[in-house]
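Data first, discussion second: the structure below is written as structure tokens.
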Amino acid sequence: MFASSLLLLLLKACTYVGCNPTIGDVVVDRYSIPILCPREVKSGDYVRYHYNVTFQDGKTFDSSYERGAASVGQTGQGRLIAGIDKGILGMCVNEKRKVTVPPHLAYGSLGAGDVVPPDSTLVFDLMLLDMWNKADLVVTETVSSPRDCKRSVKRTDFVRYHFNGTLLDGTPFDSSYNKGQTHDSLVGEGWLIKGMDEGILGMCVGETRNIIIPPFLAYGEKGSGKEIPSQATLVFNVLLADLHNPKDDITVENQVVPEVCARKSVAGDYMRYHYNGTFLNGVTFDTSYQRNNTYNTYIGMGYVISGMDKGLQGVCIGERRRVTLPPHMAYGEQGAGKDIPGSAVLVFDIHVIDFHNPKDSVEVHVTHKPEVCNLTSDVDDLIHYHYNCSLLDGTRLFSSSDYDNLQDTVLGADKVIDGLDEGLRGMCVGERRTVIIPPHLGHGEKGATGVPGSAVLHFELELMDLQKGVPEGYLFVWVEDAPLELFQAMDINQNGEVPIEEFGEFIMLHAVPLPRQVLWHRVALAAVQEAVGDAYVAGGGAAARLGHGRQQHPALPLAAVAVGLLAVLLVHVVAVLPAADHKHVLAQVADGSALDAGDLRRQALQDVVRDASTDLLLCGLVLHGIALGAAGGSVVEVGGRHRHLEHTVVVNERQGVHLLPLVALGVVACGHSL
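Taking mature numbering (1 follows the signal peptide of the UniProt record, and there is no 0), I'd label the letters of the sequence shown as residues -19 to -1, 1 to 655.
Spelled out as structure tokens, the structure:
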């Protein structure tokens, strides 16, 4: 079997180039023939070859190997000794053959000085390294090409490519892969050797091709350094990684635009978007999805590379698009870090999540309005409402349906984000509307739990209940006509005097209770509250809410009761102090004016400070701080009023505060003071 294969191989080789022919007395022994032989030496070709020359007795008298350089010559032009001129014809690159040259085809009867005696037969051991012809052109062969080629290399384009460079015999001389970077150059501008300028034309990004360049279109007679000898044919295996033209602008493609696009982005907008960043060959260099965060930036203001600045303008919320940036509109010749090389074309696949302008206001769209609407929500009103909150891309964030009870708030009391507070105003009971809130009226750049930073919020609102409030600075207003004899009505025991206890009882008799709210048992406690009694109202209020609100923290019930008990004890101690003179308060009420809570508290504070000990006052103030800082403050409900006082706030039933450490602090402080 082996003998048959060898015979077949020899017959095949003999078919193409002849097998050990005798050429005019020249004896050729082809002892090493390459498997592939795309071209054979013909008369007129230039050849570059190594040789050893011996006499018939085997004595060497000349060698190109010892000279350190191959021999170069042209066949068929009389520039070689006649025997070599004949014996080298039909050779393949990398072929080895012995050519026996008789004297008349060598140096004849004269010989060659002292080196070659007359009538010497010479034996040449040849190895062909290279061959070319002046009529040769650049030869290109496509090894692989991409399925989609939207653009190919033209003159004046700038290209980035990887290559392996070898001589025609396969000897490597250079490789971009070994350098770890592409070779970057303009095409057709003299930056490359002429053969490469021609051979790379028409290539697509991702295409691989072999380019064979004859010496006169490469480095010619001079060669290049030690690696490329004189008159060397060069073979390049090229992979095109990138191309662009210095005149290129950005390109936008693969757009997916939502059916409804009420607004397109403009310079000065702030945008949140996701992206995948790749090179033209599809290699990813960055993606926001892996970080699980959008990229947030102003557009059209130089905060991002110029190509992206331009590519992000004119987009709709929810739009997807592919933006291709030439390097002069991206990171230029310097690149960016280790991931983006110099002169790289960048491709961004973008998904716009939302955008807004810092000048944006709340956007309100009424989707349903009842036929009868005699009362609308305004500042100081207590309202109950349903809501759904989402991002502009539809991502659901929160919903009142997640809770057992309706959401409630006091408008203008800083209980909800500013944009929602504004969006809830002017509503009728039963009205439904959508509200778009920019982040500067929402949760800002930092966001909140479950809300990304700089997110535009979309609310679906429905007003379910509305209870009107009272003006700023008032504890109550008369819903119906006030008694004609106000002083007599307040003097419950008809003794001609109205102490603060009677005044408080009178007010509470006329207060309109509201569901699930905290009421003062005595409005007179407003005076004591500012001095040492805030803890009573805050703690007692928190305890009273236990049966009505939704507690979000397991420690809240026990803590609230503890604070309430401490506060009640303190108030009862204060109650034994001498009664304060409040004639100035009664005078205000007698002339029909509304009671001002601030005046009431200030005068009462003076009375308590005058009559109470310093230690007792200090203890009250400690509990005052505990109540306000931990429990969230106290609530006053008078005449339909749901309002916080000067230093108090409505207890937030959802905040879930930790009270036990603060209670312990209060007990220690009061124990030390008393």
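Cβ atoms here follow ideal geometry from the backbone N, Cα and C, with glycine treated the same way. It should be emphasised that the depicted structure is a prediction, and the values quoted were computed from it without experimental measurement.
- Judged by DSSP secondary structure, Gly146 falls within the beta strand (DSSP E) whose first and last residues are Phe139 to Leu148.
- Between the region 309 to 327 and the region 246 to 256 there are fewer than three inter-stretch CB-CB distances shorter than 8 Å, so the stretches are not counted as touching.
- Take Ile209, set aside five residues on each side of it, and the residues of its chain with a beta-carbon closer than 6 Å to its own are Phe154 and Tyr200, in chain order.
- When the five nearest sequence neighbours on each side are left out, the beta carbons in the same chain lying within less than 8 Å of the beta carbon of Thr163 are those of Arg141, Tyr142, His143, Ser157, Ala222, Asp223 and Pro322, in order along the chain.
- Excluding five sequence positions before and after Val8, the CB atoms of its chain that fall closer than 6 Å to its own CB belong to Thr81, given in chain order.
- Going by beta carbons, Val328 and Thr305 fall inside the 9 Å limit.
- The Cβ neighbour count for Ile193, taken over all protein chains shown within 10 Å, is at least 16; the residue is labelled buried.
- The C-beta of Leu118 has fewer than 16 other C-beta atoms within 10 Å across all chains shown, which makes the residue exposed.
- With fewer than 16 other Cβ atoms inside 10 Å of its own Cβ, His349 counts as exposed.
- Comparing C-alpha distances from Met184 to each of Met108, Pro196, Ile62 and Val168 shows the shortest one belongs to Val168.
- Secondary structure note for Tyr158: its alpha helix (DSSP H) is the uninterrupted segment Ser157 to Lys160.
- If you check the CB distance, Tyr254 and Tyr284 do not come in under 9 Å.
- Relative to the Cα of Met310, the nearest Cα in the group Asp229, Leu372, Gly428 and Lys396 belongs to Asp229.
- Sequence-distant Cβ neighbours of Gly92 in its own chain, meaning closer than 6 Å and more than five residues away, are Pro98 and Pro99.
- Taking C-beta atoms under 8 Å as the contact rule, Leu444 and Glu412 qualify, at a distance of about 5 Å.
- DSSP, read as helix, strand or coil, puts Ile194 in strand.
- Around the CB of Tyr12, fewer than 16 other CB atoms lie within 10 Å, so the residue is classed as exposed.
- Assigned with DSSP and collapsed to three states, Lys67 falls in helix.
- DSSP places Gln58 in the coil class of the three-state scheme, outside both helix and strand.
- The alpha helix (DSSP H) runs of length 4 or more contained entirely in the region 347 to 409 are, from start to end of the chain, 399 to 404.
- For Asp95, the closest of Glu179, Lys77, Asp43 and Val219 by C-alpha to C-alpha distance is Asp43.
- Following the DSSP letters along the chain, one finds Tyr256 inside the beta strand (DSSP E) bounded by residues Tyr251 to Phe260.
- In this structure, DSSP gives Pro308 a helical state, which the three-state scheme calls helix.
- The beta carbon of Pro464 sits closer than 8 Å to the beta carbons of Ala470 from its chain, once the five residues preceding and following it are set aside; these are given in chain order.
- The region 350 to 361 and the region 257 to 264 do not touch, with fewer than three beta-carbon pairs separated by less than 8 Å.
- Around the beta carbon of Met282, fewer than 16 other beta carbons sit within 10 angstroms, so the residue counts as exposed.
- Lys291 sits buried, since 16 or more C-beta atoms from the chains shown fall within 10 Å of its C-beta.
- Restricting attention to Tyr270, Ser246, Val104 and Leu293, the CA atom closest to the CA of Ala87 is found in Val104.
- Bridge partners of Met112 according to DSSP: Val28.
- In the three-state DSSP reduction, Ala93 falls in the strand class (E or B).
- Going by beta carbons, Asp359 and Arg414 fall outside the 9 Å limit.
- Contact between Arg303 and Asp267 does not hold, since the beta-carbon distance rounds to 15 Å and is not under 8 Å.
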